[in-house]
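Notes for the one structure printed next.
Numbering (my numbering), first residue to last: 12 to 632.
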């Protein structure tokens with residue numbers, strides 16, 4: 012079997028901040044290498060998911076093999092992986108980097124370096140990749156490639172001759188970029204004669220072919236006729252089909268050292284094939300698995316319940332299948348007195364949570380109720396045992412708690428210098444701690460040269476702020492507030508750092524004297540009273556009126572800290588009375604009052620779905 016010489020294989024990915032042109036550049040690369048005919052090419056061709064096209068963002072990393080003939084006449088095989096840009100999908104980026112030797116760092120010529128640009132380049136440096144800085148959108152009227160090049164040189168230390176200038180929309184500079192990839196990205200390392208070892212960097216479920224693993228062959232070669240073994244799971248599987256992406260799956264005889272492709276295993280149990288596992292040959296297995304990649308821990312937790320309780324088994328199966336394609340999603344069964352049986356799910360952020368919920372509803376035809384998101388707390392009890400609490404209903408009684416620790420994140424914000432005051436006010440109002448601030452280069456500071464320092468503030472300066480902040484404080488509306496206070500110019504990125512002790516309490520909501528566990532939240536003691544008032548006020552608007560008064564109370568333990576009342580509906584029992592004895596009217600009113608008391612004793616209040624999202628909509632400012 013003839014394989015492509017691995018010295019002429021290049022594996023690379025595109026990393027960038029959201030909306031800096033990754034998918035458009037991937038379109039041009041496919042067009043210029045002939046991977047897709049011009050008549051078949053669509054905008055953002057690799058964004059195949061309906062949600063990706065609707066929202067205009069990349070959610071899943073996609074791979075494609077490109078055949079390129081360089082200017083020296085030699086043919087090369089380029090394996091490109093297009094990655095997402097949003098902070099919630101950083102795990103997709105980390106998995107792609109593990110399968111590559113090089114990365115194109117794409118930066119918008121109109122916006123410059125953004126928060127996730129910095130996060131992604133540090134990820135690439137950790138994986139020891141060859142990084143090629145590329146300034147995109149140079150065709151736009153507001154493009155400032157010289158200023159952006161200055162930012163890149165100062166922030167990351169690249170030389171001016173290392174920076175590529177392109178327009179992914181028009182194709183200008185893209186052929187030069189392909190030559191640079193061939194020159195600077197290293198060919199794959201690995202031993203073709205060693206036992207097969209392939210890293211699984213993504214996977215999906217096919218109803219006919221079973222689990223389809225996306226993999227990068229590191230050592231040895233994989234033939235489409237032999238049995239494969241998953242090393243950590245210890246499961247063997249027949250190779251039903253092997254191939255590569257062009258960008259549609261294309262069957263081949265196998266995969267050689269350094270190549271990227273897919274393998275249909277026929278496995279029906281989605282838990283047998285995990286992303287990050289090492290695939291080897293069952294006939295001649297490898298002795299040690301690959302290092303894989305570091306799986307990310309979920310940071311946001313929420314309950315997902317079927318609107319119809321009978322759909323619980325369908326929700327469980329859907330989560331199982333979705334988890335195969337999205338290993339950052341974790342879930343376990345839970346029950347709620349208000350909502351019945353459901354699952355406690357862990358996500359990497361609110362956008363990730365929103366995408367998972369929408370995929371479940373669209374792809375699996377489910378109707379879901381999601382409870383308010385929260386984070387994972389480490390609670391030390393008085394007997395020195397430690398419990399993990401990701402659900403307010405699991406918070407132990409206050410008298411048994413010795414200490415509660417909450418997760419803190421390192422927060423990176425890039426914004427114009429004129430918004431420093433509003434940004435600082437926002438972060439410190441969320442219990443944030445200032446770390447450092449530095450100015451990015453500007454047109455005036457670059458042209459000043461020796462006349463002034465490059466880090467001096469200017470009218471058009473942008474500033475990079477770093478803070479430490481509790482994760483729970485930046486979850487819900489922080490990004491919206493940041494955009495509002497900076498007129499949309501700021502960008503942010505965050506990463507988990509450690510746990511810290513905090514004075515936290517469980518805020519419980521009682522409707523008609525009955526606690527509703529799905530509405531409970533864990534909050535800082537100093538914010539509890541204002542949170543309780545706003546939540547009670549919001550619920551008063553959402554809960555429909557009954558024939559009796561419905562008290563809504565927010566309480567910490569046995570102490571009620573806020574109360575609102577849903578007024579009773581009142582039937583006009585005096586409508587048929589016209590004139591006559593006043594005692595008749597009084598008797599009718601007394602009978603009505605007695606009836607309302609009896610109703611209240613046996614009354615049960617139905618809480619609408621909107622009420623469970625009320626916690627999200629509390630305006631904290």
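By construction, the Cβ of each residue, glycine as well, lies at the ideal position given by its N, Cα and C atoms.
Counting along the chain, the unbroken beta strand (DSSP E) around residue 23 starts and ends at 20-27. Cβ contact annotation for residue 386 (same chain, cutoff 8 Å, sequence separation greater than five): 310, 311, 312, 401, 417, 418, 482, 483 and 486, in chain order. Classified as buried, residue 357 has 16 or more neighbouring CB atoms from the shown chains inside 10 Å of its CB. Around the beta carbon of residue 570, fewer than 16 other beta carbons lie within 10 angstroms, which makes this residue exposed. Going by beta carbons, residue 539 and residue 559 fall outside the 7 Å limit.
Listed in chain order, the beta strand (DSSP E) elements of length 3 or more contained wholly in the segment 509-537 are 515-522 and 532-535.
Following the DSSP letters along the chain, one finds residue 214 inside the beta strand (DSSP E) bounded by residues 208-217. Judged by DSSP secondary structure, residue 147 falls within the beta strand (DSSP E) whose first and last residues are 141-147. Cβ atoms of residue 293 and residue 233 stay farther apart than 8 Å, at about 12 Å. Within the same chain, Cβ atoms closer than 6 Å to the Cβ of residue 314 are found at 353, 355 and 382, the five residues on either side in sequence being excluded. Counting the other Cβ atoms within 10 Å of the Cβ of residue 588 gives fewer than 16, which makes it exposed.
The three-state reading of DSSP puts residue 125 in coil, since its state is none of H, G, I, E or B.
Of all alpha-carbon atoms in 130, 141 and 278, the one lying nearest the alpha-carbon of residue 22 is that of 141.
Assignment of residue 570 by DSSP, reduced to helix, strand and coil, places it in the strand class. Straight-line spacing of the CA atoms in residue 297 and residue 208 works out to 7 Å. Exclusion of the five residues before and after residue 80 leaves 86 and 87 as the residues of its chain whose Cβ lies within less than 8 Å of its Cβ. For residue 192, same chain residues with a beta-carbon under 8 Å away, outside a window of 5 residues either side, are 21, 23, 89, 113, 115 and 143 in chain order. Going by beta carbons, residue 342 and residue 185 fall outside the 7 Å limit. Its Cα nearest to that of residue 344, the residue 324 stands out among 324, 361, 359 and 332.
Taking the Cα positions, residue 295 is about 20 Å away from residue 278. Bounds of any alpha helix (DSSP H) do not take in residue 283, whose DSSP letter is neither H nor E. Listed as beta-bridge partners of residue 110 by DSSP are no residues whatsoever.
Here residue 364 is buried: its Cβ has 16 or more other Cβ atoms, across all protein chains shown, within 10 Å. Counting the other CB atoms within 10 Å of its CB gives residue 76 a total of 16 or more, which places it among the buried residues. With respect to residue 154, residue 121 sits close: the two C-beta atoms are nearer than 7 Å. Under the DSSP assignment, residue 448 falls outside any alpha helix (DSSP H), being part of the beta strand (DSSP E) whose first and last residues are 444-451.
The beta carbon of residue 110 lies closer than 7 Å to those of 22, 92, 210, 212, 227 and 271 in the same chain, with the five residues before and after it left out. Excluding the 5 residues flanking it on each side, residue 237 has same chain C-beta neighbours closer than 7 Å at 250, 292 and 294, in chain order.
In this model, residue 567 and residue 411 are separated by some 15 Å (Cα to Cα). Residue 311 is bridged by DSSP to 358.
Inter-residue distance for residue 500 and residue 524 is about 46 Å (C-alpha atoms, whole angstroms). Around the C-beta of residue 137, fewer than 16 other C-beta atoms lie within 10 Å, and the residue is accordingly described as exposed. Per DSSP, the continuous alpha helix (DSSP H) segment holding residue 157 begins and ends at 156-167. Residue 514 and residue 496 do not touch by the CB rule: their CB atoms are close to 27 Å apart, not below 8 Å. For residue 409, the three-state secondary structure derived from DSSP is helix.
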